[in-house]
Amino acid sequence: MTAPLGLEEAQARLLALAPQLSSERIATEAALGRVLAEDVIALRTQPPADLSAMDGYALSGDAQAWRLVGESRAGLPYSGVLTDGECVRISTGAMVPPGADRVLLQEDARDDNGAITAAPPPPPGRHIRPRGLDFHAEDVLLTRGTRITAARLALALAAGHGTLAVTRRARVVVIDSGDELSADPAACLPHQIPASNGAMIAAMLAPLDCEVNRIGPVPDTQAALADALARAEDADIVITSGGASVGDHDLIKPALTEWGAEIAFWKIAIKPGKPLLVATRGDCVILGLPGNPVSSFVTAFLFALPLLRAAAGEHDPFARTQKLRTRDDLPAVGPRREFLRAVEADGEVCLAGSQDSSALTALAAADCLIDRPAHSPALPAGEAVRVFNLRNG
Ligand SMILES: Nc1nc2c(c(=O)[nH]1)N[C@H]1C(S)=C(S)[C@@H](COP(=O)(O)OP(=O)(O)OC[C@H]3O[C@@H](n4cnc5c(N)ncnc54)[C@H](O)[C@@H]3O)O[C@H]1N2
Ligand code: MOO
């Protein structure tokens, strides 16, 4: 039997298998959460002209008083050219007329029958946003592989893009498996538990904007699993949970083999999450997550999310980590690298409760995972530890 793989080696082997999704062109307004398939290059300059940053008066030159000759409104510019000693009323976002070189704040202005005086007089350039302050036509604003956030969506629109080329949505099938699982959490018999992993995994994938099709709970028979897998023919990625271990009723591995999948690797030296199984069938990648809910969560976080980000072509598919001080004494670590459920407060971390791989209460309280290397000795409170932030998804 081969030894369980280390985390980074397993992640690298998985990402090397990631399907490369094709691209499609969609409305920019619909692109939230999608990944750019090409660079976004500015089609226009922003602002397109010198604009006023304040409501007030656009002045021409230094003077004791400026003669009011008109108005420049946002979307309705003044059509003339100002000469020294002239001014126009101007609103925020309106074009500064040719000849004007500064803007006087309305609150600092006095209007004596069209003679505008200033206290204090503004220096040249004051309150003018110069043309191109934000970006110029032809600037590369966003690069291929960037995921669209609300701000990036606004930037693409401002740059003149009504549509964007993005990676198509991954088709993901999520399968719950286990004889003990009840589909209805409100109608659970004493020998049953509610199926919760599939919904949890789908919720973790939601920010990555995939097409998720849920199947199950599927009973622990090879025929039932074969039926479920047959429904996943079109999937780019199949994620199962449960049945990944070595018990007599852990049938994911044989069911995958029967389906024609090839096992790429099985078992990772991490806790929780040891029985993770990875297989391929054509371009489809199958992740067999362990059934314990926390093991399912941690392996989805460390493997499924990076796999989907990589399939979409995202630059950096891995979650970010930071170093924080632990407020609790941490126990020694065995041969498996451990991911402890923890809560961050004021730049420190403390354990979130039971570290059993079935304990959803601690997972639900946690907002980060403390990463403890295999074979680490016990660590006293106050020492620095590496932490994965779960808020980053
Ligand atoms: N002899 C050994 N036994 C086990 C080993 C081992 O190496 N040798 N590994 C243990 C580890 S580590 C884990 S993790 C679990 C994983 O087992 P499975 O992936 O086969 O999961 P199941 O046995 O099917 O279920 C485990 C546990 O999780 C609950 N479960 C399963 N699916 C769901 C779901 N969709 N929603 C909610 N809860 C679910 C299930 O009821 C079980 O309680 O194996 C150890 N055993
Ligand atoms: O992965 Mo298992 O949850 O380590 O017990």
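Residue numbers are given in the UniProt record's numbering: position 157 of the sequence shown equals residue 157, and the series is strictly consecutive.
C-beta: ideal position from N, C-alpha, C; glycine also.
For this session: Would you identify the three-state DSSP class for Lys253, choosing helix, strand or coil?
Result: In this structure, DSSP gives Lys253 a helical state, which the three-state scheme calls helix.
Exercise. For Leu59 versus Pro122, is the C-beta spacing smaller than 9 Å?
Worked result: yes
For this session: Could you tell me which residues DSSP puts in a beta bridge with Gln322?
Result: Val387
Exercise. Opposite Gln46 in the DSSP bridges: which residues?
Worked result: Phe135
Problem set entry | Given 8 Å, three or more beta-carbon pairs between the region 333-349 and the region 371-384 | yes
Problem set entry | Sub-9 Å separation of Ala279 and Ala300 beta-carbons | In this structure, Ala300 does not lie closer than 9 Å to Ala279 by Cβ.
For this session: Can you tell me which of the three DSSP states Ala235 falls into?
Result: coil
Exercise. For the region 34-48 against the region 66-86, are there 3 or more C-beta pairs whose distance is under 8 Å?
Worked result: Flag = no, the region 34-48 and the region 66-86 do not touch.
Exercise. In three-state DSSP terms, what is His262?
Worked result: Note that residue 262 is Glu in the sequence shown, not His. In this structure, DSSP gives Glu262 an extended state, which the three-state scheme calls strand.
Problem set entry | Nonlocal neighbours in the same chain, by C-beta distance under 7 Å from Ala195, ignoring five residues either side | Asp176, Leu181, Ser182, Ala183, Gly216 and Pro217
Problem set entry | Asp112, DSSP secondary structure in three states | strand
For this session: Taking the CB atoms as reference points, tell me whether Asp101 and Gly125 lie closer together than 9 Å.
Result: yes
For this session: Would you grab the beta carbon distance between Ala381 and Ala366 for me? Rounded to a whole angstrom, and I think it's under 8 Å.
Result: In fact, because the Cβ distance is near 18 Å, the residues do not count as touching under 8 Å.
Exercise. Tell me which same chain residues have a C-beta within less than 8 Å of the C-beta of Gln322, skipping the five on either side of it?
Worked result: Excluding five sequence positions before and after Gln322, the CB atoms of its chain that fall closer than 8 Å to its own CB belong to Arg386, Val387 and Asn389, given in chain order.
Problem set entry | Rounded C-alpha distance that separates Arg94 from Leu305 | Position check: residue 94 holds Ala in this sequence, whereas Arg was assumed. Their backbone Cα atoms lie some 45 Å apart in a straight line.
Problem set entry | Gly198 - DSSP class collapsed to helix/strand/coil | helix
Exercise. Cβ of Val35 within 9 Å of Cβ of Gly145?
Worked result: Closer than 9 Å, so yes.
For this session: May I ask whether a heavy atom of ligand 2 can be found less than 8 Å away from the beta carbon of Arg372?
Result: Taking non-hydrogen atoms of ligand 2 into account, the C-beta of Arg372 is found less than 8 Å away from none of them.
Exercise. Taking contact to mean at least 3 C-beta pairs separated by less than 8 Å, is the region 165-179 in contact with the region 199-217?
Worked result: By the Cβ rule, the region 165-179 counts as touching the region 199-217, because three or more pairs are nearer than 8 Å.
Exercise. Can you list, in chain order, the residues of its chain whose CB lies under 6 Å from that of Gly243, leaving out five sequence neighbours each side?
Worked result: Ser177, Asp250, Leu251 and Ile252
Problem set entry | Asn197 burial status per 10 Å Cβ neighbour count (16 or more: buried) | The C-beta of Asn197 has 16 or more other C-beta atoms within 10 Å across all chains shown, which makes the residue buried.
Exercise. Hey, quick one: how far does the beta strand (DSSP E) through Leu340 stretch, first residue to last?
Worked result: Arg337 to Ala345
For this session: Under 6 Å Cβ to Cβ from Lys271, same chain only, skipping five residues before and after it: list those, please.
Result: Arg336 and Glu338
Exercise. Thr257 to Ile237, Cα distance in whole Å?
Worked result: The straight-line gap from Cα to Cα measures roughly 16 Å.
Exercise. If you compare alpha carbons, which of Ser72, Ala49 and Glu138 is closest to Gly56?
Worked result: Ser72
Problem set entry | Euclidean distance between Cα positions of Val333 and Arg325 | Their backbone Cα atoms lie some 18 Å apart in a straight line.
Exercise. So is the beta-carbon of Ser196 under 8 Å away from any non-hydrogen atom of ligand 1?
Worked result: Shortest gap from the CB of Ser196 to any heavy atom of ligand 1: under 8 Å.
Exercise. Is Asn292 near ligand 1, judged by its Cβ being under 8 Å from some heavy atom?
Worked result: yes
Exercise. CA-CA distance, Ala37 and Ala311?
Worked result: 12 Å
Exercise. Does ligand 1 have even one heavy atom less than 8 Å from the beta-carbon of Ser358?
Worked result: yes
For this session: Decide if Pro19 is buried, meaning its Cβ has at least 16 other Cβ atoms within 10 Å, or exposed.
Result: Residue environment analysis places Pro19 among the buried positions, since at least 16 neighbouring C-beta atoms fall within 10 angstroms of its C-beta.
Exercise. In three-state DSSP terms, what is Ala279?
Worked result: strand
For this session: Would you kindly check if the distance between the Cβ of Gly114 and the Cβ of Asp84 is under 9 Å?
Result: no
For this session: Taking Ala345 and Ser354 to be in contact with their CB atoms under 8 Å, please state how far apart those CB atoms are, rounded to whole angstroms.
Result: Contact annotation, Ala345 with Ser354: C-beta distance approximately 19 Å; criterion of less than 8 Å not satisfied.
Exercise. Going along the chain, which residues of its own chain have a beta-carbon closer than 7 Å to the beta-carbon of Asp328, five neighbours each way excluded?
Worked result: Cys350, Leu351 and Ala381
Exercise. What residue from Arg147, Gly160, Ala203 and Glu233 has the CA that sits closest to Gly33's CA?
Worked result: Arg147
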